[in-house]
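In full-length UniProt numbering, the protein residues as written are 1 to 333. Down below is the structure, laid out as C-alpha cells.
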C-alpha cells in the first residue's frame with residue numbers, strides 16, 4: 001500500500017481539500033495526477049481511443065497487482081478455479097479422429113460407441129418444416145414454372161426488361177425465371193428503394209414457403225396479414241392471400257394457443273320476472289344413475305323453487321313418468 005496525503009487542490013474541475021495516494025510513478029507517461037470518478041463525477045466524459053489495429057486479447061500488465069490488490073488471485077483461488085474449469089470442460093473436449101476416420105462398415109465398427117456428454121436439462125424440439133423436401137436450383141425452378149398452368153398464363157403478360165423499368169407493376173424474365181415488379185402507388189419513380197422484386201412461385205413450392213414464413217421458430221406463428229406481408233417481400237403467386245388464410249386457419253398450434261380475432265358479443269340482459277307466491281315456478285331435474293342403495297334407489301329427483309330457492313331431493317328407483325308424477329304429487333299435496 002502507498003501513503004496518502006491531504007492537500008488543497010485548485011483546478012477547473014474541483015477546488016478544495018482532497019485525499020490522494022502517493023507513489024513513485026504513474027502508469028501513464030507525462031501524467032503527475034490522476035483524478036478518480038469520486039472527485040470528477042460527471043464533469044468529464046471519456047473519449048474513446050481509436051486505433052487502426054485493435055487488440056482482442058489484452059493481457060493485464062504486471063503492475064495491476066499493485067494498483068488493485070483486492071483483485072489479486074492467490075494460489076488457493078487459482079487452484080480452486082482450475083479444478084472447477086476441469087470439471088466443467090471434461091466433456092467439452094473429445095478426440096473425434098477415430099469417429100470420422102474409422103470404416104463404418106468394416107469389422108469391429110459396431111463395437112465403437114459414440115460418447116455423448118450427460119445432459120442435465122431437457123431439450124424441447126420445436127417443429128420445423130422439411131427443408132430438404134425439394135432440392136431447388138434455378139434450372140429446376142424454371143422447369144416447375146413452365147409446368148404450372150397459372151404461371152404460364154402470367155408468362156404471356158411478361159414484358160421486356162427495358163419496358164419493365166418504366167412501369168410500376170409488371171412481369172418480366174430474369175435468367176429464365178419469371179419475376180414480378182411492384183411499386184407502391186404513393187412511391188415516385190425516383191424512389192427505387194421502395195420497389196419490390198418478387199419471384200413468381202409455382203404451385204409445388206407454395207406450401208413450403210408458407211411454412212417457412214409461418215411455422216419456423218423465427219416466424220412466430222403470426223397472423224394472416226403479417227404472414228402475407230412477409231411472403232410478399234420476396235415471393236408472389238395468384239391467390240396468395242387465400243392460401244395463407246387457409247394455412248393459418250388449419251395450423252394446429254395457432255388453434256390451440258392463438259388468440260381469437262373475433263370478439264364474442266355479450267349475452268343480452270333479460271329482465272327477471274317477479275313471482276307473486278312461492279312454488280309458482282319450479283325447476284325440476286334428475287341426477288343419476290348413481291350407485292344403488294339398499295332400497296334400490298339409483299336416481300335423485302331435484303326440485304327447486306325459483307322465487308324462494310327452496311330445494312328438495314327425492315330418491316327414485318327409476319326415472320319413468322309414473323314414478324316422477326307420483327313423487328311430485330306427494331311433494332305438492
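Don't be surprised by glycine CBs; every beta carbon is placed ideally from N, CA and C. The model shown is predicted, which means the values in this text are computed figures rather than measured ones.
When burial is assigned at 16 or more other CB atoms within 10 Å of the CB, is residue 206 buried or exposed? A buried status is given to residue 206, since no fewer than 16 other beta-carbon atoms sit within 10 Å of its beta-carbon.
Three-way DSSP call (helix, strand, coil) for residue 273 in this model: For residue 273, the secondary structure class from DSSP, reduced to helix, strand or coil, is coil.
#### Entry: Which of helix, strand or coil DSSP assigns to residue 227
The answer is helix: DSSP assigns residue 227 an H, G or I state.
Review point. Quick one: what's got a C-beta closer than 7 Å to residue 243's C-beta in the same chain, skipping five residues either side?
Key: If we look at residue 243 and ignore the five residues flanking it on each side, its Cβ neighbours are 206 and 210.
message: Measuring only the C-alpha atoms, how far is residue 157 from residue 229?
response: Approximately 24 Å between the Cα atoms of the pair.
task = May I have the straight-line CA-CA distance separating residue 306 from residue 283, to the nearest angstrom?
result = Here the alpha carbon of residue 306 sits roughly 7 Å from the alpha carbon of residue 283.
task = Give every residue of the same chain whose Cβ lies closer than 7 Å to the Cβ of residue 224, excluding the five residues on either side of it in the sequence, and list them in chain order.
result = For residue 224, where only same-chain residues beyond five positions count, the Cβ hits under 7 Å are 244, 245 and 248.
Using 8 Å as the cut-off, can you tell me whether the segment 193-206 makes contact with the segment 138-152, which would need three or more C-beta pairs spanning the two stretches below that distance?
The segment 193-206, when compared against the segment 138-152, does touch it at the 8 Å Cβ threshold.
- Message: Buried or exposed for residue 236, going by 16 or more other Cβ atoms inside 10 Å?
- Response: Buried: at least 16 other Cβ atoms inside 10 Å.
If residue 286 and residue 300 are in contact, beta carbons under 8 Å, what's the gap, nearest whole angstrom?
The C-beta separation of residue 286 from residue 300 comes to about 6 Å, placing the pair in contact by the 8 Å criterion.
Which of helix, strand or coil does DSSP assign to residue 243?
-> Helix at residue 243.
Less than 9 Å between the C-beta atoms of residue 5 and residue 28, yes or no?
At the C-beta level, residue 5 and residue 28 stay beyond 9 Å of one another.
(message) So, with DSSP's three-state summary, where would you put residue 2?
(response) DSSP places residue 2 in coil when its eight states are reduced to three.
Practice prompt. Give the range of the alpha helix (DSSP H) segment to which residue 324 is assigned.
Written response: It spans 321-332 - the alpha helix (DSSP H) in which residue 324 sits, taken as one unbroken run.
ask   = Between which two residues does the beta strand (DSSP E) containing residue 316 stretch?
value = Residue 316 -> beta strand (DSSP E) spans 311-316.
Quiz item: Among 312, 9 and 317, which has the Cα closest to the Cα of residue 17?
Solution: Minimum Cα distance to residue 17 is reached at 9.
*asked:* On the CB-based measure, 16 or more other CB atoms within 10 Å of its CB, does residue 186 come out buried or exposed?
replied: By the neighbour-count criterion, in which a residue is buried when 16 or more other Cβ atoms sit within 10 angstroms of its Cβ, residue 186 is exposed.
request  = Could you tell me which of 227, 215 and 232 sits nearest to residue 351, measuring between CA atoms?
outcome  = Residue 351 lies beyond the stretch modelled for the chain, which goes from 1 to 333, so this question has no answer here.
Worksheet item: When the distance is taken between beta carbons, is residue 31 closer than 9 Å to residue 3?
Response: It is not a contact, given that the beta carbons lie outside the stated cut-off.
Quiz item: What is the rounded straight-line gap between the Cα of residue 38 and the Cα of residue 45?
Solution: Cα-Cα distance, rounded: 14 Å.
**Request:** Return the Cβ separation of residue 303 and residue 312 in integer angstroms, given the expectation that the two are a contact with Cβ distance under 8 Å.
**Result:** That belief holds up - the Cβ atoms of residue 303 and residue 312 are roughly 5 Å apart, short of 8 Å.
Short of 8 Å in beta carbon distance, which residues of its chain neighbour residue 160, apart from the five on each side in sequence? Order them along the chain.
For residue 160, the CB contacts under 8 Å within the same chain, skipping 5 residues up- and downstream, are 172 in chain order.
Please report the distance separating the alpha-carbon of residue 141 from that of residue 227.
Distance between the alpha carbons of residue 141 and residue 227: 23 Å.
Item to complete: Within 10 angstroms of the Cβ of residue 281, are there 16 or more other Cβ atoms? Answer buried if so, exposed if not.
Response: With fewer than 16 other Cβ atoms within 10 Å, it is exposed.
In three-state terms, what does DSSP make of residue 287? In the structure shown, the three-state DSSP call for residue 287 is strand.
Give every residue of the same chain whose Cβ lies closer than 7 Å to the Cβ of residue 308, excluding the five residues on either side of it in the sequence, and list them in chain order. Setting aside the 5 residues that flank it on each side, residue 308 is surrounded in the same chain by 278, each with a C-beta closer than 7 Å to its C-beta; the list follows chain order.
CA nearest to the CA of residue 11, picked from 253, 139, 33 and 266
Comparing alpha-carbon positions, the option among 253, 139, 33 and 266 lying closest to residue 11 turns out to be 33.
Exercise. Given residue 323, which residues of its chain have a CB within under 6 Å of its CB, disregarding the five upstream and five downstream residues?
Worked result: Result list for residue 323: 316, in chain order.
By alpha-carbon positions, which one of 184, 328, 274 and 41 ends up nearest to residue 167? The candidate whose alpha carbon is nearest that of residue 167 is 184.
Beta-ladder partner(s) of residue 7, from DSSP:
Answer is 18, bridged to residue 7.
Between the CA atoms of residue 36 and residue 50 - distance to the nearest angstrom: Near 23 Å, if we compare the C-alpha coordinates of residue 36 and residue 50.
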